[in-house]
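Notes follow the structure.
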Ligand SMILES: Nc1nc2c(ncn2[C@@H]2O[C@H](COP(=O)(O)OP(=O)(O)OP(=O)(O)O)[C@@H](O)[C@H]2O)c(=O)[nH]1
Ligand SMILES: [Mg+2]
């Protein structure tokens, strides 16, 4: 059994003051609203309803922290790029994300979820740039790969790998079929070695 199954919900933070102690290591999951971040965390940890998923974009408004062991965490970030969110909320989201990325010493890796049918949007590129500025290891999950044929999947993976170059690694992923779970865990394993 994988140690990811030992994961537990820690807390949801609406402000930086609520983040758990900045000790140990953590990997954050970022991506557009509805890209499948919460579903990916559930698939990777093998826990069906650990992170709440929704058909309504913008559901996860908090930064949700989960821990496998003390000082070893996965972080479900609120989705970006959802136009129907009121401007004040977008502003709050932006400030919360900036303070998270600027402060968080324990952040050792970033997973960016992109719907494999709509990858590389402007907001995804901005997230990649933040990761680069922070010199964070970055891995792209091309999600919902079950919606693509084999050849469509290969094509999108080639395109994304070409576009991001050395900035990030990328793979196809499906929370529904669990395709790519082992590969995703290998990235997490590398980032989550307790310092
Ligand atoms: N077919 C398919 N649907 C998926 C997959 N992963 C997620 N979904 C669906 O996509 C929708 C959004 O998934 P979530 O995991 O809630 O997405 P999220 O990125 O956490 O969304 P926010 O928290 O709103 O930003 C849900 O209806 C999921 O069931 C997948 O691998 N395959
Ligand atoms: Mg979510």
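In my numbering, the protein residues as written are 319 to 513. Just so it is clear, CB atoms sit at the ideal spot from N, CA and C, and this is done for glycine as well.
Using only the heavy atoms of ligand 1, determine whether one of them is closer than 7 Å to the beta carbon of residue 507. no
In this structure, what does DSSP give as the bridge partners for residue 348? 430
Bridge partner(s) assigned by DSSP for residue 461: 433
Flag this pair as yes or no: are the beta carbons of residue 424 and residue 464 separated by less than 8 Å? no
Rounded C-alpha distance that separates residue 395 from residue 478: 22 Å
Within 7 Å: the Cβ of residue 465 and any heavy atom of ligand 2? no
So does the region 329 to 344 actually touch the region 428 to 441, counting three or more Cβ pairs closer than 8 Å? no
When DSSP labels each residue in this structure, what does residue 481 get in the three-state scheme? helix
Going by beta carbon distance, what residues of the same chain come within less than 8 Å of residue 360, once the five residues before and after it are set aside? 366, 367, 368, 369, 371, 493
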